[in-house]
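A.B. asks: The structure that follows is given in the form of structure tokens.
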Amino acid sequence: MATHYRKLSRTSSQRKALLRSQVTQLIWHGRITTTEAKAKEVQKIAEKLIALAIKEKDNFDEVTVQAKVPKKDADGHRVKVEKDGKKVTEYVTEEKKIKKDQPSRLHARRQILSVLYDVTENGKKKADTKKVDLAAKLFDEIAPKYAGRNGGYTRIIKVGQRKGDGALEVVLELV
């Protein structure tokens, strides 16, 4: 009995974690270097996620909402006001336009997030680190780029054999 996927000499939990990690890095960086067998498995998953993002990229409504934001001075610092002997931040109400997902896009977003890991972008200071929304990157940057394409969103380029164990290394990248 043959399996329909490569086992990669790992237990199912290890294999799933490895593939999720590599798909996340491929979406985040645009290219990864790995072995040929792993690349072919990662390619299957990545192509499905990109196809899902392309299908649902335009299913949202623009909605105007009232947002309570802190008032800031010329230097960008929050304005504090004294109330009852305590310093409290002063807030103002602004209108903001946001994208509200339709149910099918929300479902697609949750399917994508079930595969991808969370990514944090590091700054110079700890306060500068921020969480990156890879699902939004798929919908807003990658999907419009491949909208006119029927599959084939990634390519595998053979690099050569790895020095340590002689495994065939490849570069997997978004086209």
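Number 167 in the working numbering belongs to position 166 of the sequence shown; there are no gaps in the numbering. Every residue gets a Cβ at the ideal spot worked out from N, C-alpha and C, and that includes glycine.
1) Using C-beta distances below 6 Å, list every residue in its chain close to Pro104, excluding the 5 sequence neighbours before and after it, in chain order.
2) Closer than 7 Å: is that where the CB of Val176 sits relative to any heavy atom of the ligand MG?
3) Please confirm if the stretch 34 to 46 is in contact with the stretch 121 to 136, defined as three or more CB-CB distances below 8 Å between the two stretches.
4) Cutting at 6 Å between CB atoms, please list the residues of its own chain near Lys98, excluding the five before and the five after it.
5) Taking the straight line between their C-alpha atoms, what separation do you get for Leu107 and Gly167?
6) With a Cβ-Cβ cutoff of 8 Å, do Lys31 and Glu174 count as a contact?
7) So which of Thr4, Ala68 and Trp29 has the shortest CA-CA distance to Thr177?
8) Name, in chain order, the residues that DSSP records as bridge partners for Pro191.
9) Taking the alpha-carbon positions, what's the Asp134 to Tyr147 distance?
10) Does DSSP put Lys8 in a helix, a strand or coil?
11) With a 10 Å radius around its C-beta and 16 neighbouring C-beta atoms as the bar for buried, classify Arg110 as buried or exposed.
12) Expressed to the nearest angstrom, what Euclidean distance is found between the alpha-carbon atoms of Thr25 and Asp59?
13) Pairs of beta-carbons, one from the stretch 157 to 166 and one from the stretch 9 to 24, closer than 8 Å: are there three or more?
14) On a Cα-Cα basis, can you pick out the residue from Val43, Val80, Leu27 and Pro145 that is closest to Tyr6?
15) Between Val89 and Lys72, what straight-line distance do the alpha-carbon atoms span, to the nearest angstrom?
16) Should Gln67 be labelled buried (16 or more other beta-carbon atoms within 10 Å of its own) or exposed?
17) Kindly indicate which three-state DSSP category Val64 falls into: helix, strand or coil?
C.D. replies: Working from what's here:
1) Result list for Pro104: empty, nothing under 6 Å.
2) The ligand MG is absent from the structure shown, which contains no ligands of any kind.
3) With fewer than three CB-CB distances shorter than 8 Å, the stretch 34 to 46 does not count as touching the stretch 121 to 136.
4) So the list reads Glu63 and Thr65, once near-sequence residues are dropped.
5) In this structure, the straight-line span from the alpha carbon of Leu107 to that of Gly167 is close to 44 Å.
6) The amino acid occupying residue 31 in the given sequence is Gly; Lys does not appear at that position. In contact: Gly31 and Glu174 (Cβ atoms closer than 8 Å).
7) Nothing in the structure corresponds to residue 177, since the chain is present only between 2 and 176.
8) The first residue shown for the chain is 2 and the last is 176, placing residue 191 beyond what the model contains.
9) Each residue's Cα considered, the two are about 19 Å apart.
10) DSSP places Lys8 in coil when its eight states are reduced to three.
11) Burial of Arg110 is indicated by the presence of at least 16 other C-beta atoms within 10 angstroms of its C-beta.
12) Cα to Cα, Thr25 sits roughly 23 Å from Asp59.
13) Taking one beta carbon from each stretch, the stretch 157 to 166 and the stretch 9 to 24 have fewer than 3 pairs nearer than 8 Å; the two do not touch.
14) The residue with the shortest Cα to Cα distance from Tyr6 is Val43.
15) CA-to-CA, the gap between Val89 and Lys72 works out to about 11 Å.
16) Classification of Gln67: exposed, given that the 10 Å Cβ count is below 16.
17) In this structure, Val64 counts as strand in the three-state DSSP scheme.
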